[in-house]
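Participant: So the sequences go chain by chain: D and W. Heads up: the first sequence at position 78 corresponds to 78 in the working numbering, and the numbers run straight through without jumps. Heads up: the second sequence at position 233 corresponds to 233 in the working numbering, and the numbers run straight through without jumps. Input: one structure, supplied below.
2 protein chains.
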Amino acid sequence: MRLASLLGPDLQALKADPEALQAAFDEFHPEDVAELLEDLPIEQVADLVHALSSEAGADVIERLSPERQRVVLEAVDEERATELLTAMDPDDRVDFFEELEEDEVEAYLGRLDKEIVEETQELLAYDPETAGGLMTTEYVGLRPDMKVWEAVEEVRKIANEGEAETIYYLYVVGYGEKLLGVVSLRDLILSDPGQELADIMTEKVVWARPTDDQEDVAQKIARYDLAALPVVDDQDGMLGVVTVDDVVDVVIEEATEDAQMMGGVVPLEDAYFSTGLLEFVWKRGAWLIVLFLGQLLTATVMEQNQSTLRATMELAVFIPLIIASGGNAGSQSSTLIIRAMAVGEAQPGDWLKVFGREMVIGLALGLILGLMGFGRGWFAGETVDATALGIAVGMSILAIVTLSTIIGSLLPMLIQRAGLDPAVSSTPFIASVVDVLGLIVYFSVAQVILGMWV
Amino acid sequence: MRLASLLGPDLQALKADPEALQAAFDEFHPEDVAELLEDLPIEQVADLVHALSSEAGADVIERLSPERQRVVLEAVDEERATELLTAMDPDDRVDFFEELEEDEVEAYLGRLDKEIVEETQELLAYDPETAGGLMTTEYVGLRPDMKVWEAVEEVRKIANEGEAETIYYLYVVGYGEKLLGVVSLRDLILSDPGQELADIMTEKVVWARPTDDQEDVAQKIARYDLAALPVVDDQDGMLGVVTVDDVVDVVIEEATEDAQMMGGVVPLEDAYFSTGLLEFVWKRGAWLIVLFLGQLLTATVMEQNQSTLRATMELAVFIPLIIASGGNAGSQSSTLIIRAMAVGEAQPGDWLKVFGREMVIGLALGLILGLMGFGRGWFAGETVDATALGIAVGMSILAIVTLSTIIGSLLPMLIQRAGLDPAVSSTPFIASVVDVLGLIVYFSVAQVILGMWV
């Protein structure tokens, strides 16, 4: 990679010739430059950022990790930091501020222009995981009586000044920035220059409220194949737009968060290798301890049934098998339902429908595994009647697989209904619940069956 | 919703007046119309599709589920079906054909124009989960010596005819459709009408090969915030483009597939409620049976250690707790690594780094849980020395949590290295492996500790 070699001995020479450096950087996508800057010594990064134009520097800084952004903006001189923050896109600037302490934010804001401070404070007010937190305020808003040729001129001017994140959708706004319609750049190019925007705009606009969850925003953009989604207030006044590229990141981020929760980990803030060992111990340990405390119940159930075990030692043989069968069946149904709710295919209101389906499926799966369990149990009977042991094992598996399948599907819906993220009913969590249940079912069934037999 | 009421008594009236029906439909996004058509009686749908223009009909049909597409195209008359297929986007047409039997595809192809047949067969050759399978062949390719004003005219013409999925990126191609550069519509609007495209195009273009996996395509588009990604052959010849809206769907689909695999389910083809009960029993039962067969090993290990259990009944009490602790720890580390590999943060080559980290984390977590286990074990000692039992339980937990953490992180990397999807090392799979291991560790540790003590 030429960019890397450029940073060896040539760097000193290039620094003296900012234009050559700028040209060298222009050859690469800001994302690639950012990746390189993540690992360079900080003095070199500061030198480079000083040599780049504010716009090019801001483009790169927007793509750095929050920790690196902080280090870089502290390493360059105050004036440069202010220029860079001014040149950054409003949504990226706010993302950066969200990682800082309040007094740090104040210090930076004190050096920025009034207009930018207002814009930033407005965006900072929204939860980062909502439409308001994702949106940028740099959109193109045009009046309905504007002619197509005027609009083209206006777009050209705005694009030239780099003052909009997307110019492919133009929003037609009336009094109080009320959203009236949308005109795509495609519509503009296709229309007669003398027409008014009001005549060519699409009035059915898909929009979001600033407080909408980012997952809903992503679903809307995916559903309608949008490049950008306008965010409007209660009076339909335009506040900003969320662009599809941010949504791709949101979808990936949400899927990662869900996967981690479902694996029984408090979601990580950073990438795997960027997360410190102590943070890992805390984020995994917290859940492991909770699960361990729950699992202690299994020891209690075992203690209470020691006399049964002592009488029929063969029963102990099947304990791991039985509780694992329940855990596996429960983890399947919980995963399916959590994911179906995440992509909007199922709602908590569907619980009865889900219950019906999962009961039938659970019974079918329980019958299959129960038959296999019967075979293995029958094979193990020594001190006790082989058929009785087989029936006790098989029936316990049938019961626990059916129960676990139902519990695994309904628990996430119950948690969602309670306003929590259903992914907290992680696979290990479901497994813990059904482990205890599995033991109780097994000992109860075994006592009845063996009691009847002997 | 007016659309729904429209389908009541008014439908018969509107059918007689196609223009009024078309106007009524124009008010709604094709996605919403498609959702409605999914559940309507098929005769009504056929009537509606006949009344719509081919383009409007194709727009709606592209958004239906594959089963519904089939039903609708079979319900309308042959001529109409041919018109609709001709009007569909090439990538959507191919997606539909991919669900059909070969002879059905032949029958449809026999009625389409030669040009469309060739385009379709070319796309059908690619695996649906690759760049080739995702791309559309309808892109705008322009010559490098074309003037900006000529390009604007050309784009206007193409957009008017609806012959390109995106007109926001224009690809500059030379002899043999070789990709030379890209010009955005934004560049075009900003440039002097007399300039040549060669002067304003960006030569550094991010591209993909047709055989690239859809997950890599999605990562590239997300990384570089692209609206479209050109797909080129070995000689850099343009084959088509993948647009960002398809990628949002891919990301959601891949996350769902991964989640299902990690939950121990063979990934579903359809949405939760669209999947038949029999398919569910098969896709869940297959894994449950495999896991059950693996879990049978736990019964064997238990049988072999019955004498130990008989001598010290308290040992049985902790079996569920110990194997669950291993399963939970393993499910955490496997989830983290599988997800880190899915988003490109970790590669199988990082195994040594991962091993080091997970060993330290596993030991820390093992110590915490081991101490808790010691307390509970010590509390349970009756027929056996309480301290010895506590130490046996605590040390077993320390060992199995550490081992499970390491196994959970390395197994997915090994599976990825073997060319399989790492998500097959699902949470239940890891749990099954470490259950058996947990029992072996527990009995070994207990025998040594209690043997030394007594």
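We put the beta carbon where it would ideally sit given N, CA and C, even for glycine. Please read all numbers here as calculations on a predicted model, not as lab measurements.
Can you give me, in chain order, the residues of the segment 414-445 of chain D that have a beta carbon less than 7 angstroms from any beta carbon in chain W?
Facilitator: So the list reads Thr427, Pro428, Ala431, Ser432, Asp435, Leu439, given in the order they occur along the chain.
Participant: So is Arg186/W in contact with chain D if we call contact Cβ pairs under 9 angstroms?
Facilitator: Counting from one through the second sequence, the residue named residue 186/W turns up at place 186. Chain D, which has a Cβ nearer than 9 angstroms to the Cβ of Arg186/W, makes this yes.
Participant: List the endpoints of the continuous alpha helix (DSSP H) containing Leu134/D.
Facilitator: Counting from 1 along the first sequence, the entry for residue 134/D is found at position 134. Unbroken alpha helix (DSSP H) run through Leu134/D: 131-134.
Participant: Take Gly176/D as the anchor and find which of Val434/D, Leu239/D, Asp435/D, Asp91/D has the nearest alpha-carbon.
Facilitator: Translated into positions along the first sequence, residue 176/D becomes position 176. With distances taken between Cα atoms, Gly176/D lies closest to Leu239/D.
Participant: Within the same chain, show all residues whose beta-carbon is closer than 8 angstroms to that of Glu78/D, passing over the 5 residues directly before and after it, in chain order.
Facilitator: The sequence position of residue 78/D within the first sequence is 78, counting from 1. Within the same chain, Glu78/D has close Cβ partners Arg111.
Participant: Just verifying my parser: in three-state terms, what is the DSSP assignment at Thr137/W?
Facilitator: Position 137 of the second sequence, counted from the first residue, corresponds to residue 137/W. Thr137/W: coil per DSSP, three-state reduction.
Participant: Provide the residue span of the alpha helix (DSSP H) that contains Met238/D, from first to last.
Facilitator: Position 238 of the first sequence, counting from 1, holds the residue named residue 238/D. Looking at the DSSP string, Met238/D is not in any alpha helix (DSSP H); the run it does join, the beta strand (DSSP E), is 238-243.
Participant: Return the residues of the segment 313-330 of chain W that lie within a Cβ-Cβ distance of less than 7 angstroms from chain D, sorted by chain order.
Facilitator: Against chain D - using a Cβ distance shorter than 7 angstroms - the residues of the segment 313-330 of chain W are Met313, Ala316, Val317, Phe318, Ile319, Pro320, Leu321, Ile323, Ala324, Ser325, Gly327, Asn328, Ala329.
Participant: Suppose the cutoff is 6 angstroms on Cβ atoms and the five residues either side in sequence are ignored; what does the same chain contact list for Trp149/D look like?
Facilitator: Start at 1 with the first residue of the first sequence, and residue 149/D comes out as number 149. Only Pro193 meet the Cβ criterion.
Participant: Quick one, are the C-beta atoms of Ala342/W and Asp258/W less than 9 angstroms apart?
Facilitator: The residue you call residue 342/W lines up with position 342 of the second sequence. The residue you call residue 258/W lines up with position 258 of the second sequence. Taking 9 angstroms as the Cβ cut-off, Ala342/W and Asp258/W qualify as a contacting pair.
Participant: Answer with buried or exposed for Glu153/W, where buried requires no fewer than 16 other C-beta atoms within 10 angstroms of its C-beta.
Facilitator: As a working mapping, residue 153/W is identified with position 153 in the second sequence. So Glu153/W ends up on the exposed side.
Participant: Residues in the same chain with beta-carbon distance under 7 angstroms from Gly330/W, minus the five sequence neighbours each way, listed in chain order, please.
Facilitator: The sequence position of residue 330/W within the second sequence is 330, counting from 1. Ser404, Thr405, Ile407, Gly408, Ile430, Ala431, Val434, listed in sequence order.
Participant: Using a Cβ-Cβ distance under 9 angstroms, would Phe273/W count as near chain D?
Facilitator: Here residue 273/W refers to the residue found at position 273 when the second sequence is read from its first residue. Answer yes: the Cβ-Cβ gap between Phe273/W and chain D drops below 9 angstroms somewhere.
Participant: Closer than 9 angstroms, CB to CB, is Gly176/D near chain W or not?
Facilitator: Stepping through the first sequence from its first residue, residue 176/D is reached at position 176. Closer than 9 angstroms: no.
Participant: Within a Cβ cutoff of 8 angstroms, which residues of the same chain sit near Val76/D, ignoring the five residues on either side of it in sequence?
Facilitator: On the first sequence, position 76 is the one that residue 76/D refers to. Counting only Cβ-Cβ distances below 8 angstroms, and skipping sequence neighbours, we find Ala46, Val49, His50, Leu84.
Participant: Quick check: Val393/W and Thr312/W, are their CB atoms within less than 9 angstroms of each other?
Facilitator: For this step, residue 393/W is matched to residue 393 along the second sequence. For this step, residue 312/W is matched to residue 312 along the second sequence. Against a cut-off of 9 angstroms, the Cβ pair of Thr312/W and Val393/W comes out as no contact.
Participant: Please list the partners that Met302/D has in chain W, where partner means a Cβ-to-Cβ separation under 8 angstroms.
Facilitator: Position 302 of the first sequence, counting from 1, holds the residue named residue 302/D. Under the 8 angstroms cutoff, chain W gives Ala316, Val317, Phe318, Ile319, Pro320.
Participant: Here's a check: name, in chain order, each residue in its chain whose Cβ is nearer than 7 angstroms to the Cβ of Glu167/W, leaving out the five neighbours to either side.
Facilitator: The residue given as residue 167/W occupies position 167 in the second sequence. Glu is not the amino acid found at residue 167/W; the sequence shown has Ile there. Around Ile167/W: Val140, Val155, Ile158, Ala159, Leu185.
Participant: For Pro422/W, collect the residues of the same chain with a Cβ closer than 6 angstroms to its Cβ; drop the 5 residues on either side in sequence, then sort them by chain order.
Facilitator: Counting from 1 along the second sequence, the entry for residue 422/W is found at position 422. So the list reads Ile338, Met341, Pro412, Ile415, Gln416, once near-sequence residues are dropped.
Participant: Between the C-alpha atoms of Phe273/D and Phe97/D, what's the straight-line distance to the nearest angstrom?
Facilitator: Walking along the first sequence from the start, residue 273/D turns up at place 273. Walking along the first sequence from the start, residue 97/D turns up at place 97. Using only the alpha carbons, I get a separation of about 23 angstroms.
Participant: Taking Ala228/D as part of the beta strand (DSSP E), name the residues at either end of that continuous run.
Facilitator: The sequence position of residue 228/D within the first sequence is 228, counting from 1. It spans 228-232 - the beta strand (DSSP E) in which Ala228/D sits, taken as one unbroken run.
Participant: If I measure Cβ to Cβ from Gln260/D and keep anything under 6 angstroms in the same chain, skipping five residues before and after, which residues do I get?
Facilitator: Start at 1 with the first residue of the first sequence, and residue 260/D comes out as number 260. Excluding sequence neighbours, Gln260/D sits near Pro267.
Participant: Taking the alpha-carbon of Val424/W as reference, which of Pro320/W, Thr335/W, Lys114/W, Gly181/W has the nearest alpha-carbon?
Facilitator: Sequence index remark: in the second sequence, residue 424/W carries index 424 (1-based). Ranking the options by Cα distance to Val424/W, first place goes to Thr335/W.
Participant: Starting from Gly356/D, trace the alpha helix (DSSP H) in both directions and tell me its first and last residue.
Facilitator: Counting from one through the first sequence, the residue named residue 356/D turns up at place 356. First-last of the alpha helix (DSSP H) with Gly356/D: 351-380.
Participant: Would you verify that the beta carbon of Glu86/W is, or is not, closer than 9 angstroms to some beta carbon of chain D?
Facilitator: Your numbering for residue 86/W matches position 86 in the second sequence. First, the amino acid is wrong: residue 86/W is Thr here, not Glu. By this cut-off, Thr86/W is not an interface position.
Participant: Please state whether DSSP places Val343/W in a helix, a strand or coil.
Facilitator: Walking along the second sequence from the start, residue 343/W turns up at place 343. In this structure, Val343/W counts as coil in the three-state DSSP scheme.
Participant: Counting Cβ pairs, one atom from each stretch, are 3 or more of them under 8 angstroms apart for the segment 293-309 of chain W and the segment 354-374 of chain W?
Facilitator: In short, these stretches do not touch, since the Cβ pair count stays below three.
Participant: Straight-line CA distance for Ala81/W to Ile189/W?
Facilitator: Numbered from 1 along the second sequence, position 81 holds the residue referred to as residue 81/W. Numbered from 1 along the second sequence, position 189 holds the residue referred to as residue 189/W. Rounded to whole angstroms, Ala81/W to Ile189/W spans 39 angstroms at the Cα level.
Participant: Taking only the alpha-carbon atoms, compute the straight-line gap between Phe280/W and Ile361/D and give it to the nearest angstrom.
Facilitator: Taking the second sequence and counting its residues from 1, the one referred to as residue 280/W is at position 280. Taking the first sequence and counting its residues from 1, the one referred to as residue 361/D is at position 361. Approximately 7 angstroms between the Cα atoms of the pair.
Participant: Under 9 angstroms between C-beta atoms, does Leu365/D make it to chain W?
Facilitator: Position 365 of the first sequence, counted from the start, is the residue given in the question as residue 365/D. It does: the Cβ of Leu365/D has a partner Cβ on chain W nearer than 9 angstroms.
Participant: Note the first and the last residue of the continuous alpha helix (DSSP H) segment covering Gly408/W.
Facilitator: In the second sequence, the residue the question calls residue 408/W occupies position 408. Gly408/W -> alpha helix (DSSP H) spans 386-417.
Participant: Within 10 angstroms of the Cβ of Phe379/W, are there 16 or more other Cβ atoms? Answer buried if so, exposed if not.
Facilitator: Numbered from its first residue, the second sequence carries residue 379/W at position 379. It is exposed - the Cβ of Phe379/W has fewer than 16 other Cβ atoms within 10 Å.
Participant: If you draw a straight line from the alpha carbon of Tyr171/W to that of Arg209/W, how long is it in whole angstroms?
Facilitator: Along the second sequence, one-based indexing puts residue 171/W at 171. Along the second sequence, one-based indexing puts residue 209/W at 209. Their backbone Cα atoms lie some 16 angstroms apart in a straight line.
Participant: Could you run through the segment 194-223 of chain W and flag, in chain order, every residue whose CB is less than 8 angstroms away from some CB of chain D?
Facilitator: Per Cβ criterion, the list reads Lys204, Val206, Ala218, Ile221, Ala222, Arg223.
Participant: So, is Val32/D buried or exposed, given that buried needs 16 or more other C-beta atoms within 10 angstroms?
Facilitator: Counted from its first residue, the first sequence places residue 32/D at position 32. Before going on, a small fix: residue 32/D reads as Asp here, not Val. Answer is buried; the Cβ neighbour count reaches 16.
Participant: Measure from the C-beta of Asp249/W to each C-beta in chain D and report whether the shortest distance is under 9 angstroms.
Facilitator: Against the second sequence, residue 249/W aligns to sequence position 249. Chain D, which has a Cβ nearer than 9 angstroms to the Cβ of Asp249/W, makes this yes.
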